[in-house]
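J.:
Right, dumping it as structure tokens:
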């Protein structure tokens, strides 16, 4: 067996490359080693390769959305077995601390995000042939036999994030929802919105192809190149604004748009990756408008079983947003296409099954 | 009900109260200090006012097109008229969708508070012009 494996690593800022690195080994009795079959590129990976998240350096392995087959387990892994096909949460959690008992896995002391650098626990990424998965009993979930890798991989982060934006945003039946950013996570939020009984869902973006994709999923497209999105949203919401806004980009312009379209007393759920951005309004302005703010790191551990069930029963079809399926060897091209909006959602196949 | 039937009257009376405000010895400097360039986009009848508080200037129609407002308010002319008669809760009008605002809400509410002493002057200007029906027939909003 080879001592090394392929991995997608940071190259110069804005780029990745594929190189050989040592294969991971069990480090803790609660670890599993997963042979990755399918890994997806997430919008937050672009933040990493652009060095928006400090601490990531050339040679660091990226990737946190993946499906694979368990190759090996530590002695303390109780519920998982080699040979099982699994999807991983983008971050591990212990499952028994105070935070986990409250389903606040983001604040579990064991919180780390795969492939996101020292700011997030320095856990190696999963756009690789093999990945070490800490706390495997919690981190991994088995996949129903008839479900494709391509569907299941979404439950590890992006679909859970979109779903949680709506859930934690407190969406109620009859609400108007505006999604700032019609990229993959925004499209999945559009896809999930009917589950919450929304009246109308708006998708705001600058990229025509993304607006078309969101429209095909049921959104009312709002092209921000053609005018102030708030004019369109207010015109279509009886001059009230959106009840819930999902900021699904992760930059200051998107935050500004989010606050411009939310109604007085509404909610802004921030599902885009933010690091050091300023608030678009003063605290006083926000207080006067009574806007509830929900910063969200998607929580696959809470939602993945429900999401797997919704996929299994045909209520959700996340794989439909995949535009490109490429070899892990072609990751550099895949990232470039994704970055330039020439690809909607890319999954990388290792060639392993 | 519709309070005004043409934009010229809007410019004369609502524009007039803004001209009074910016020229007011006490109020003018406070408004100027706000740094606000306020655009009022009224409908039914359509009318546009741009008030440059720092410069103490009021522009009507397309005269203010070159300015870059930092606050824009959209509402019916009727609502604006009722506001100046002291019959509209500005915060409530925004929350209910009667008016739409772009810009800093604290500044908008601060301006609204500063405007309160002008309400009697607005009413007086209408009565002086023989437009009592606009005062006596206006509804509270």
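Chains as they are written, first to last, in my numbering: chain U, -15 to 337; chain E, 1428 to 1568. Beta carbons are placed, not taken as given, at the ideal position from N, Cα and C, and that holds for glycine. This one's a predicted model, so the numbers in the text were calculated from it and none came from an experiment.
So, using beta-carbon positions, are residue 54 (chain U) and residue 67 (chain U) closer together than 8 Å?
T.: As a first step, residue 54 (chain U) must be located in the first chain, where it is residue number 70. As a first step, residue 67 (chain U) must be located in the first chain, where it is residue number 83. For residue 54 (chain U) and residue 67 (chain U), yes; Cβs fall inside 8 Å.
J.: Return helix, strand or coil for residue 307 (chain U), following the three-state DSSP convention.
T.: For the purposes of this step, residue 307 (chain U) is identified with residue 323 of the first chain, where counting begins at 1. If DSSP states are grouped into helix, strand and coil, residue 307 (chain U) belongs with coil.
J.: Specify the secondary structure class of residue 1455 (chain E) as computed by DSSP and reduced to three states.
T.: Sequence index remark: in the second chain, residue 1455 (chain E) carries index 28 (1-based). Residue state, collapsed to three classes: helix.
J.: Near residue 342 (chain U), which residues of its chain fall below 7 Å by C-beta distance, leaving aside the five closest residues on each side in sequence?
T.: What the structure shows of chain U is the stretch from -15 to 337, and residue 342 (chain U) is not part of that stretch, so it cannot be assessed.
J.: Which residues does DSSP pair with residue 224 (chain U) in a beta bridge?
T.: Locating residue 224 (chain U) in the first chain gives position 240, counting from the first residue. Bridge partners of residue 224 (chain U): none, in fact.
J.: Would you call the CB atoms of residue 217 (chain U) and residue 226 (chain U) closer than 8 Å?
T.: If you number the first chain from 1, residue 217 (chain U) lands on position 233. If you number the first chain from 1, residue 226 (chain U) lands on position 242. Yes, Cβ-Cβ distance for residue 217 (chain U) and residue 226 (chain U) is below 8 Å.
J.: Would you kindly report the start and end of the unbroken beta strand (DSSP E) that includes residue 1503 (chain E)?
T.: Walking along the second chain from the start, residue 1503 (chain E) turns up at place 76. Start and end: 1498 to 1503.
J.: Can you find the residues in the same chain that come closer than 6 Å, C-beta to C-beta, to residue 90 (chain U), ignoring five residues on each side of it along the sequence?
T.: By 1-based counting over the first chain, the position of residue 90 (chain U) is 106. If we look at residue 90 (chain U) and ignore the five residues flanking it on each side, its Cβ neighbours are 281.
J.: Are the C-beta of residue 160 (chain U) and some C-beta of chain E separated by less than 8 Å?
T.: As a working mapping, residue 160 (chain U) is identified with position 176 in the first chain. It does not: the Cβ of residue 160 (chain U) has no partner Cβ on chain E nearer than 8 Å.
J.: Looking at chain E, which residues of the region 264 to 287 of chain U have a Cβ within less than 8 Å of any of its Cβ atoms?
T.: Under the 8 Å Cβ criterion, the region 264 to 287 of chain U contributes 265, 266, 268, 269, 272, 273.
J.: Just to confirm, are residue 10 (chain U) and residue 79 (chain U) a CB contact at a threshold of 8 Å?
T.: Taking the first chain and counting its residues from 1, one reaches residue 10 (chain U) at position 26. Taking the first chain and counting its residues from 1, one reaches residue 79 (chain U) at position 95. Against a cut-off of 8 Å, the Cβ pair of residue 79 (chain U) and residue 10 (chain U) comes out as no contact.
J.: Would you mind reading off the limits of the beta strand (DSSP E) that contains residue 1485 (chain E)?
T.: Position 58 of the second chain, counting from 1, holds the residue named residue 1485 (chain E). First-last of the beta strand (DSSP E) with residue 1485 (chain E): 1484 to 1487.
J.: For residue 1466 (chain E), which option in E:1490, E:1457, E:1472 has the closest C-alpha, if you only look at C-alpha atoms?
T.: Translated into positions along the second chain, residue 1466 (chain E) becomes position 39. Checked all of E:1490, E:1457, E:1472; the closest Cα to residue 1466 (chain E) is E:1490.
J.: At least one CB of chain E closer than 8 Å to the CB of residue 216 (chain U): is that the case?
T.: To locate residue 216 (chain U), count along the first chain from 1; it is residue 232. No, residue 216 (chain U) does not count as interfacial toward chain E.
J.: From residue 150 (chain U) to residue 48 (chain U), what distance separates their C-alpha atoms?
T.: One-based indexing of the first chain puts residue 150 (chain U) at position 166. One-based indexing of the first chain puts residue 48 (chain U) at position 64. The alpha-carbon atoms of residue 150 (chain U) and residue 48 (chain U) are separated by roughly 22 Å.
J.: Which residues in chain E sit within 9 Å of residue 223 (chain U), going by Cβ to Cβ distance?
T.: Within the first chain, the letter at position 239 stands for residue 223 (chain U). In chain order: 1501, 1523, 1524, 1525, 1526, 1527.
J.: Could you list the residues in the region 224 to 258 of chain U with a C-beta less than 9 Å from some C-beta on chain E, going in chain order?
T.: Within the region 224 to 258 of chain U, the residues whose Cβ lies closer than 9 Å to some Cβ of chain E are 224, 225, 244, 247, 248, 249, listed in chain order.
J.: When the distance is taken between beta carbons, is residue 70 (chain U) closer than 8 Å to residue 341 (chain U)?
T.: Chain U is shown only over -15 to 337; residue 341 (chain U) falls outside these bounds and no answer can be derived.
J.: Any beta carbon of chain U sitting closer than 8 Å to that of residue 1533 (chain E)?
T.: Your numbering for residue 1533 (chain E) matches position 106 in the second chain. Yes - at least one Cβ of chain U is within 8 Å of the one on residue 1533 (chain E).
J.: Give the DSSP bridge partners of residue 114 (chain U), in chain order.
T.: The count along the first chain starts at 1 and reaches residue 114 (chain U) at position 130. BP columns for residue 114 (chain U) point to U:19.
J.: Note down the Cα distance separating residue -13 (chain U) from residue 20 (chain U), rounded to an integer number of angstroms.
T.: As a working note, residue -13 (chain U) is residue 3 in the first chain. As a working note, residue 20 (chain U) is residue 36 in the first chain. Cα to Cα, the separation comes out at about 16 Å.
J.: For the region 273 to 337 of chain U, list the alpha helix (DSSP H) runs that are entirely contained and at least 4 residues long, ordered along the chain.
T.: Counting only runs of 4 or more, we get 284 to 296, 315 to 323.
J.: Could you list which residues in chain U have their beta carbon closer than 8 Å to that of residue 1536 (chain E), in chain order?
T.: Residue 1536 (chain E) sits at position 109 when you count from the first residue of the second chain. Chain U residues near residue 1536 (chain E): 272.
J.: Specify the secondary structure class of residue 127 (chain U) as computed by DSSP and reduced to three states.
T.: Along the first chain, one-based indexing puts residue 127 (chain U) at 143. In the structure shown, residue 127 (chain U) sits in coil (DSSP, three-state: anything other than H, G, I, E or B).
J.: Can you pull the DSSP bridge partners for residue 189 (chain U)?
T.: On the first chain, position 205 is the one that residue 189 (chain U) refers to. Answer is U:207.
J.: What is the rounded straight-line gap between the Cα of residue 1513 (chain E) and the Cα of residue 1502 (chain E)?
T.: Position 86 of the second chain, counted from the first residue, corresponds to residue 1513 (chain E). Position 75 of the second chain, counted from the first residue, corresponds to residue 1502 (chain E). Taking the straight line from one Cα to the other gives about 16 Å.
J.: Can you give the Cα-Cα distance for residue 1546 (chain E) and residue 228 (chain U), rounded to whole angstroms?
T.: As a working note, residue 1546 (chain E) is residue 119 in the second chain. As a working note, residue 228 (chain U) is residue 244 in the first chain. For residue 1546 (chain E) and residue 228 (chain U), the distance between alpha carbons rounds to 37 Å.
J.: With a floor of 4 residues, list each alpha helix (DSSP H) that falls wholly inside the region 16 to 88 of chain U, ordered by position along the chain.
T.: As far as the region 16 to 88 of chain U is concerned, its whole alpha helix (DSSP H) runs of at least 4 residues are 27 to 33, 82 to 85.
J.: In chain order, what residues of the same chain lie with their CB nearer than 7 Å to the CB of residue 287 (chain U), ignoring the 5 residues before and after it?
T.: One-based indexing of the first chain puts residue 287 (chain U) at position 303. These residues qualify, in order along the chain: 144, 147, 148.
J.: Can you give the Cα-Cα distance for residue 105 (chain U) and residue 97 (chain U), rounded to whole angstroms?
T.: As a working mapping, residue 105 (chain U) is identified with position 121 in the first chain. As a working mapping, residue 97 (chain U) is identified with position 113 in the first chain. Answer to the nearest angstrom: the Cα atoms are 6 Å apart.
J.: Can you look up residue -13 (chain U) in the DSSP assignment and give me helix, strand or coil?
T.: Translated into positions along the first chain, residue -13 (chain U) becomes position 3. DSSP places residue -13 (chain U) in coil when its eight states are reduced to three.
J.: So, do the region 260 to 267 of chain U and the region 179 to 197 of chain U have three or more beta carbon pairs nearer to each other than 8 Å?
T.: At 8 Å Cβ cutoff, the stretches do not touch.
J.: Label residue 328 (chain U) either buried or exposed according to how many other C-beta atoms from any shown protein chain fall within 10 Å of its C-beta, with 16 as the threshold for buried.
T.: Walking along the first chain from the start, residue 328 (chain U) turns up at place 344. So residue 328 (chain U) counts as buried.
J.: Mapping DSSP to helix, strand and coil, what is residue 199 (chain U)?
T.: Locating residue 199 (chain U) in the first chain gives position 215, counting from the first residue. The answer is helix: DSSP assigns residue 199 (chain U) an H, G or I state.
J.: For residue 236 (chain U), which option in U:265, U:220, U:221 has the closest C-alpha, if you only look at C-alpha atoms?
T.: What you label residue 236 (chain U) is simply residue 252 of the first chain in a count that begins at 1. Of U:265, U:220, U:221, the residue nearest in Cα terms is U:265.
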